[in-house]
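Participant:
2 protein chains.
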Amino acid sequence: MTHSIYIALVHHPVVNKRGDIVTTSVTNFDLHDLSRNSSTYGVKGCFIVTPSQAQQDMVAYIRNYWREGKGADYNPDRKEAFEALYISGSLEESCLTIKKAHDKAPKLIATSAKSYDKVTLFRELREEISNTEDPYLIVFGTGWGLAETIINSADAVLEPIKGPVAYNHLPVRSAVAIVLDRLLGQ
Amino acid sequence: MTHSIYIALVHHPVVNKRGDIVTTSVTNFDLHDLSRNSSTYGVKGCFIVTPSQAQQDMVAYIRNYWREGKGADYNPDRKEAFEALYISGSLEESCLTIKKAHDKAPKLIATSAKSYDKVTLFRELREEISNTEDPYLIVFGTGWGLAETIINSADAVLEPIKGPVAYNHLPVRSAVAIVLDRLLGQ
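Sequence lines, in order, name chains H and Z. Residue 1 is where the first sequence starts when you use this note's numbering, and the numbers rise one by one after that. Residue 1 is where the second sequence starts when you use this note's numbering, and the numbers rise one by one after that.
If you want it as structure tokens, here you go:
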């Protein structure tokens with residue numbers, strides 16, 4: 001396995017129900033689920049992106065509990081999962097961290113429940129990443145999804161996940177699991 | 001779409017870290033995530049299985065909040081998702097409910113992170129359910145997984161989900177999302 005896939009969970013800028021740009025709160029379950037998803041699929045790092053210092057401190061506190069505190073003794077598998085968790089003030093900062101590690105900026109892949117003109121199909125991206133060690137950052141939005149500024153600045157937007165019916169309101173935790181499975185599952 | 005797929009999230013009998021048979025607590029996030037996964041993939045019903053009356057009451061309280069309470073006004077999509085949520089005292093009770101609706105007992109499909117001798121492959125089950133309206137109940141365990149009694153009494157055990165690396169400690173919420181996507185996704 002040679003891929004260099006990273007994921008980011010963005011809490012700002014995202015939209016709320018009315019389409020306003022907001023900052024959402026970090027959800028503890030997201031930290032656990034995304035860390036475990038990342039470890040299962042060999043993702044190099046999972047960035048929790050929030051500009052709020054208080055929220056960043058909370059994520060660091062939880063991460064340390066599982067990496068070095070009582071949680072690490074109680075559940076070594078969880079300790080391993082949390083090793084992949086990074087904290088970032090912005091998506092730009094996440095990209096810089098990846099660029100430093102790989103000497104190359106990551107290709108930014110946005111995700112959305114909506115379909116856009118220039119979507120990349122899952123099978124296209126799966127094929128592309130299987131043939132390169134170049135870094136990729138797959139970006140997921142909390143709330144009602146990523147702000148248009150992120151969608152517009154991305155190198156590609158992934159096609160939406162579709163089930164056999166019209167309903168499409170997956171939790172972001174599920175979307176991350178399904179996207180990683182479609183791109184990296186065996 | 002003609003399939004009649006149901007899922008069950010079992011809180012008893014499941015095993016803990018040491019392999020003891022235990023009853024786990026219901027997790028609020030599971031109710032939301034599994035309801036939304038079910039609605040996305042056209043699952044006919046999602047059974048929350050626990051023998052504890054207090055836990056059943058709590059699930060009913062949460063379900064009613066989103067189906068008929070303030071939650072239903074605030075988020076109609078969540079209301080729709082929670083329509084698929086059922087509460088059961090046991091897996092036998094879930095099977096009876098399905099049998100009453102279809103005049104036929106469901107085929108019981110167990111899931112596990114471990115591999116068993118007689119596993120059914122995802123592509124085999126996907127093919128099978130695409131050709132029938134017969135009911136199926138796909139069973140997921142909380143804690144450290146389903147008790148052996150359930151595995152042994154199931155009609156089939158699904159192959160474990162594998163990523164490209166050795167780590168395999170997915171949250172049950174992620175496992176449900178990935179299994180439904182592999183069986184019913186487009």
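Every residue gets a Cβ at the ideal spot worked out from N, C-alpha and C, and that includes glycine. Everything numeric in this text was worked out from a predicted model, so none of it was measured.
What residues from chain Z crowd round H/I178, counting only those whose CB sits closer than 8 Å?
Facilitator: Correct list: A177, I178, D181, G185.
Participant: Pull up the DSSP beta-bridge partners for H/V157, would you.
Facilitator: Paired residues: H/A110, H/V119.
Participant: In angstroms with no decimal places, state the Cα-to-Cα distance between Z/D33 and Z/Y41.
Facilitator: Distance between the alpha carbons of Z/D33 and Z/Y41 is about 12 Å.
Participant: Which residues, in chain order, does the segment 78-96 of chain H contribute to contact with chain Z at a C-beta distance below 9 Å?
Facilitator: Correct list: R78, E80, A81.
Participant: Would you decide whether H/N37 is buried or exposed? Buried here means 16 or more other CB atoms lie within 10 Å of its CB.
Facilitator: With 16 or more other Cβ atoms within 10 Å, it is buried.
Participant: Would you say Z/G143 lies against chain H (beta-carbon separation less than 7 Å)?
Facilitator: Cβ-Cβ to chain H under 7 Å: no for Z/G143.
Participant: Could you tell me the distance, in whole angstroms, from the CA atom of Z/N131 to the CA atom of Z/S39?
Facilitator: Z/N131 and Z/S39: Cα-Cα distance of roughly 21 Å.
Participant: How many Å lie between Z/Q56 and Z/I87 at the Cα?
Facilitator: Each residue's alpha carbon lies about 7 Å from the other.
Participant: Counting Cβ pairs, one atom from each stretch, are 3 or more of them under 8 Å apart for the segment 126-141 of chain Z and the segment 101-116 of chain Z?
Facilitator: Touching, yes.
Participant: Exposed or buried, which one is H/Y6 when buried takes at least 16 other CB atoms within 10 Å?
Facilitator: With 16 or more other Cβ atoms within 10 Å, it is buried.
Participant: On the DSSP bridge list, what partners appear for H/I21?
Facilitator: Bridge partners of H/I21: H/V15.
Participant: Applying a beta-carbon distance threshold of less than 9 Å, which residues of chain Z neighbour H/V59?
Facilitator: None at all; the shortest Cβ gap to chain Z is about 17 Å.
Participant: Applying the criterion that 16 or more other CB atoms from any shown protein chain within 10 Å of the CB defines a buried residue, is H/I21 buried or exposed?
Facilitator: Result: exposed.
Participant: What residues from the segment 26-46 of chain H come within 8 Å of chain Z, judged by C-beta to C-beta, listed N to C?
Facilitator: Per Cβ criterion, the list reads F29, H32, D33, R36, N37, S39, T40, Y41, G42.
Participant: In terms of alpha-carbon separation, which member of Z/W144, Z/P76, Z/I161, Z/G163 lies closest to Z/G19?
Facilitator: Answer by Cα proximity: Z/W144.
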